[in-house]
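Sequences listed follow chains V and Z, in order. Mapping to the working numbering: the first sequence position 101 is 108, numbers consecutive. Mapping to the working numbering: the second sequence position 313 is 841, numbers consecutive.
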Amino acid sequence: MILDVSQAQGDDVLILNRAGLRESFRLLKHDKELDYDFLSDITAVDYWGKKEPRFEVVYQILSRRRRRRLRLRVPVPENDPAVESVTPLWRGANFLEREVWDLFGIRFIGHPDLRRILLYDEFVGYPLRKDYPVNLVQPRVPERTVEGTFVDERSHNKLLSLKKSLGAS
Amino acid sequence: MKTENQGLPLDIMELQMGPSHPATHGTIKFNLKLEGEKVLDCDVEVGFLHRGFDKSCEQATWTQVIPYTDRLNYASSLINNIGYALTVEKLIGVQTPPRCQYIRVIVSELARIYDHLTCCGMAASELGAITAGFYMIEARELIIRIVEALTGARLTVTYVRIGGVKHDLIEGFAERVAQTFKTIRKLLEDCDRLLSRNRIFLDRMSNVGIISQETALSYCLTGPILRASGVSYDVRTAFPYLVYDQFEFEVPVGSRGDNYDRFVCRIREIEQSMKIVEQALERLPVGPVWIDDPRFVLPEKEKVYGSIEGLMHHFKIIMEGIKVPPGETYAAVEGGNGELGFYIVSDGGGRPYRIRVRPPCFIAMGAFHEMIKGHMVADIVPTFGMVNMIGGECDR
Numbered sequence: 008m009i010l011d012v013s014q015a016q017g018d019d020v021l022i023l024n025r026a027g028l029r030e031s032f033r034l035l036k037h038d039k040e041l042d043y044d045f046l047s048d049i050t051a052v053d054y055w056g057k058k059e060p061r062f063e064v065v066y067q068i069l070s071r072r073r074r075r076r077l078r079l080r081v082p083v084p085e086n087d088p089a090v091e092s093v094t095p096l097w098r099g100a101n102f103l104e105r106e107v108w109d110l111f112g113i114r115f116i117g118h119p120d121l122r123r124i125l126l127y128d129e130f131v132g133y134p135l136r137k138d139y140p141v142n143l144v145q146p147r148v149p150e151r152t153v154e155g156t157f158v159d160e161r162s163h164n165k166l167l168s169l170k171k172s173l174g175a176s
Numbered sequence: 529m530k531t532e533n534q535g536l537p538l539d540i541m542e543l544q545m546g547p548s549h550p551a552t553h554g555t556i557k558f559n560l561k562l563e564g565e566k567v568l569d570c571d572v573e574v575g576f577l578h579r580g581f582d583k584s585c586e587q588a589t590w591t592q593v594i595p596y597t598d599r600l601n602y603a604s605s606l607i608n609n610i611g612y613a614l615t616v617e618k619l620i621g622v623q624t625p626p627r628c629q630y631i632r633v634i635v636s637e638l639a640r641i642y643d644h645l646t647c648c649g650m651a652a653s654e655l656g657a658i659t660a661g662f663y664m665i666e667a668r669e670l671i672i673r674i675v676e677a678l679t680g681a682r683l684t685v686t687y688v689r690i691g692g693v694k695h696d697l698i699e700g701f702a703e704r705v706a707q708t709f710k711t712i713r714k715l716l717e718d719c720d721r722l723l724s725r726n727r728i729f730l731d732r733m734s735n736v737g738i739i740s741q742e743t744a745l746s747y748c749l750t751g752p753i754l755r756a757s758g759v760s761y762d763v764r765t766a767f768p769y770l771v772y773d774q775f776e777f778e779v780p781v782g783s784r785g786d787n788y789d790r791f792v793c794r795i796r797e798i799e800q801s802m803k804i805v806e807q808a809l810e811r812l813p814v815g816p817v818w819i820d821d822p823r824f825v826l827p828e829k830e831k832v833y834g835s836i837e838g839l840m841h842h843f844k845i846i847m848e849g850i851k852v853p854p855g856e857t858y859a860a861v862e863g864g865n866g867e868l869g870f871y872i873v874s875d876g877g878g879r880p881y882r883i884r885v886r887p888p889c890f891i892a893m894g895a896f897h898e899m900i901k902g903h904m905v906a907d908i909v910p911t912f913g914m915v916n917m918i919g920g921e922c923d924r
């Protein structure tokens with residue numbers, strides 16, 4: 008499961024295979040000696056045209072007891088951008104994984120509620136991918152009608168009657 | 529859907545609170561499911577202030593990112609600057625001189641005091657304790673005046689640079705800080721008298737927004753929210769950066785994890801921060817505030833205007849940006865609201881390849897539904913106030 012181990016600037020870095028990712032995390036979290044019990048961050052990097060596979064999902068975890076940080080990098084190919092979700096282990100991963108899905112378009116298998124979070128539902132594309140141009144303008148979105156919303160029609164009628172009376176005169 | 533409540537049939541009402549609501553100082557939307565006044569479910573919608581921080585940073589040079597970091601959390605922009613500069617310095621592999629490190633500790637603690645005063649003052653005034661709120665805002669104004677005298681700006685300071693700080697402390701800084709702290713201590717004493725035995729304040733704050741130790745850890749919470757629930761995790765002591773290991777200070781820890789504990793934690797932390805600043809000013813070493821490395825530091829102005837080498841050197845750093853060796857790294861500092869981490873990737877050029885911020889209040893908003901479930905609609909106001917969500921940082 009471990010593809011590579013390295014140390015850079017005093018940080019421990021593990022490169023993991025995405026197959027069996029949740030099991031790896033379970034081991035890291037629950038093993039008494041490893042004891043990496045705190046998830047710090049989840050993000051992704053797009054190495055478009057620089058590296059194969061294209062994406063890398065990056066996890067920062069730490070052991071509070073041993074005072075040690077660990078960074079896990081998981082390569083994800085472009086044709087099937089998906090990794091296993093770690094929400095069963097840390098519920099805080101919910102928002103973090105939703106953000107990665109929103110900005111990079113990497114799916115998290117087993118995530119309870121994978122919706123866009125920072126952007127709106129009608130947004131086209133994934134803006135933090137390197138092939139998304141900075142100055143791209145998104146199409147305008149028509150106003151959404153939310154079912155069950157209470158709309159005060161009286162003011163409309165007032166306006167309508169005003170228009171009518173003005174038009175008549 | 530209907531539920532029975534004391535014989536009266538009640539509909540489950542869906543209410544959209546926000547994005548612009550007078551009681552939520554920040555643009556955020558709560559999609560609530562209510563049974564009368566009781567919150568059954570709360571879906572938090574964030575992102576109204578999303579402006580593409582990460583993408584903008586990829587277009588800028590390493591130095592040009594610093595002003596962007598100011599705009600993350602306006603209440604503690606100095607800490608954001610320092611967090612970013614420390615991460616880049618870690619990737620380069622340099623360490624700033626001791627005087628610079630001390631100055632960075634001093635300004636980041638000032639920013640922390642500012643952040644906590646903002647949070648507590650706003651939360652108090654939202655609950656009707658306007659007097660206490662204004663006392664804290666007065667204390668905050670005193671801090672902001674020091675910051676203004678030092679950096680030239682009140683909020684978007686851009687004081688820290690990669691490899692140093694913009695300039696040394698101003699003349700009479702220590703006396704000014706000592707005087708200000710005297711006033712702040714007096715103001716906080718007044719606030720303590722106004723709030724800590726205030727029936728209304730206690731009733732609104734205690735036993736509301738409770739989050740247990742296990743839940744807080746599971747939701748990756750950090751900062752005062754985690755410490756209020758009894759976990760003593762502070763980046764300053766767990767993973768000491770700068771010269772924090774040389775100071776004596778305590779990490780206040782709560783027990784119940786409710787809003788009142790969070791409030792007390794923050795107030796206690798202000799006291800500890802003032803202690804750190806006093807110790808740092810006492811031991812402030814003499815020396816340069818910049819690293820001695822022409823690859824990252826701009827030449828002096830006399831050289832720029834007086835010699836062609838100096839002019840070229842200046843031009844190269846400004847136009848191409850400093851060169852950061854290829855690689856990736858993560859470093860975290862303790863921000864006002866929790867662990868503020870930066871993950872950066874460099875491809876060796878003058879511009880960052882990727883910059884990611886670990887925003888503490890974005891992650892805290894992920895646990896908000898857990899805090900508010902089962903409470904009343906009115907309890908959203910103090911709970912949200914004590915999370916201290918800052919839109920610029922949450923939505924980036």
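Built from N, CA and C at the ideal position, the CB exists for glycine as well.
Evaluate Pro910/Z with the Cβ neighbour count: other Cβ atoms within 10 Å of its Cβ, from every protein chain shown; 16 or more gives buried, anything less gives exposed. Here Pro910/Z is buried: its Cβ has 16 or more other Cβ atoms, across all protein chains shown, within 10 Å.
Should the region 601-612 of chain Z be called in touch with the region 629-636 of chain Z, which here means at least 3 C-beta pairs below 8 Å? Of all C-beta pairs linking the region 601-612 of chain Z to the region 629-636 of chain Z, three or more are shorter than 8 Å, placing the two stretches in contact.
Please determine, among Leu697/Z, Gln807/Z and Glu542/Z, the residue with the shortest C-alpha to C-alpha distance to Phe775/Z. For the residues Leu697/Z, Gln807/Z and Glu542/Z, the minimum Cα distance to Phe775/Z belongs to Gln807/Z.
Please report how far the alpha carbon of Ser783/Z lies from the alpha carbon of Ile739/Z, in whole angstroms. A direct Cα-Cα distance of roughly 10 Å separates Ser783/Z from Ile739/Z.
Close beta carbons around Asp128/V, own chain, < 8 Å, minus the five adjacent residues each side: Taken in chain order, the residues that qualify are Arg122.
Selection of the region 599-622 of chain Z by Cβ proximity to chain V, strictly under 9 Å: So the list reads Lys618, Leu619 and Gly621, given in the order they occur along the chain.
Among Thr152/V, Ser47/V and Ser168/V, which residue has its Cα nearest to the Cα of Trp97/V? Closest by alpha carbon: Ser47/V.
Roughly how many angstroms lie between the CA atoms of Asn916/Z and Ile836/Z, to the nearest whole one? Taking C-alpha positions only, Asn916/Z is separated from Ile836/Z by approximately 50 Å.
Anticipated Cβ contact below 8 Å, Gly99/V with Ile891/Z, distance rounded: Indeed they touch by this definition, with Cβ atoms about 6 Å apart.
Please name the residues in the region 892-905 of chain Z whose beta-carbon is closer than 9 Å to at least one beta-carbon of chain V, in chain order. Along the region 892-905 of chain Z, the positions whose C-beta sits under 9 Å from a C-beta of chain V are Met893, Gly894, Ala895 and Glu898, read in chain order.
Touch test, the region 575-589 of chain Z against the region 673-691 of chain Z, Cβ-Cβ under 8 Å, three pairs minimum: Result no; under three Cβ-Cβ pairs closer than 8 Å.
Cβ atoms of Cys793/Z and Pro752/Z: under 7 Å apart, would you say? The answer is yes: Cβ separation under 7 Å.
Output yes if chain Z places a C-beta closer than 7 Å to the C-beta of Asp48/V; else output no. At a cut-off of 7 Å between C-beta atoms, Asp48/V counts as an interface residue with respect to chain Z.
Classification of Ser13/V by the beta-carbon crowding that lies within 10 angstroms, buried from 16 upward: When all chains shown are included, Ser13/V counts as exposed.
From the DSSP secondary-structure annotation, give me the bridge partner or partners of Trp818/Z. Bridge partners of Trp818/Z: Gly692/Z.
Starting from the N-terminal side, write out each stretch of the beta strand (DSSP E) that is 3 residues or longer and does not extend beyond the region 19-101 of chain V. Within the region 19-101 of chain V, the complete beta strand (DSSP E) segments of 3 residues or longer fall at 45-53, 62-70, 75-83 and 89-91, listed in chain order.
Arg74/V versus Ala766/Z - alpha carbon distance: C-alpha separation (whole angstroms): 6 Å.
Can you name the residues of chain Z whose CB is closer than 9 Å to the CB of Pro60/V? What Pro60/V touches in chain Z, judged by beta-carbon distance under 9 Å, is nothing: the nearest beta carbon there is about 16 Å away.
When you check each C-beta in the region 849-874 of chain Z against every C-beta of chain V, which residues fall closer than 9 Å? Across the region 849-874 of chain Z, CB contacts with chain V closer than 9 Å involve Gly855, Glu856, Thr857, Tyr858, Ala859, Ala860, Glu867, Gly869, Tyr871 and Val873, in sequence order along the chain.
Taking the alpha-carbon positions, what's the Gly849/Z to Ala613/Z distance? When rounded, the distance between both Cα atoms is 14 Å.
Can you find at least 3 beta carbon pairs, one from the region 568-585 of chain Z and one from the region 658-670 of chain Z, that sit closer than 8 Å? These segments do not touch.
Since Asp561/Z contacts Met904/Z with CB under 8 Å, what's their CB separation in whole angstroms? Before going further, note that residue 561/Z is Lys rather than Asp in the sequence given. With 8 Å as the limit, Lys561/Z and Met904/Z do not qualify as a contact, their Cβ atoms being about 14 Å apart.
Give me the Cα-Cα distance between Phe870/Z and Ile883/Z, rounded to the nearest whole angstrom. Computed Cα separation, rounded: 7 Å.
Thinking C-beta only, is Arg790/Z closer than 7 Å to Met914/Z? Yes, the pair counts as a contact, with Cβ atoms nearer than the cut-off.
Does chain V have any CB closer than 7 Å to the CB of Arg823/Z? The beta carbon of Arg823/Z sits no closer than 7 Å to any beta carbon of chain V.
Nearest candidate by alpha-carbon position, reference Leu697/Z, set Met847/Z, Leu568/Z and Cys628/Z: A check of alpha carbon separations from Leu697/Z across Met847/Z, Leu568/Z and Cys628/Z identifies Cys628/Z as the nearest.
Which residues in chain V sit within 9 Å of Ala766/Z, going by Cβ to Cβ distance? The answer, in chain order, is Leu69, Arg71 and Arg74.
Starting from the C-beta of Glu30/V, find all residues in its chain whose C-beta is less than 6 Å away, skip the five residues before and the five after it, and write them out in chain order. Once the five neighbours on either side are set aside, Glu30/V has no close Cβ partner at all.
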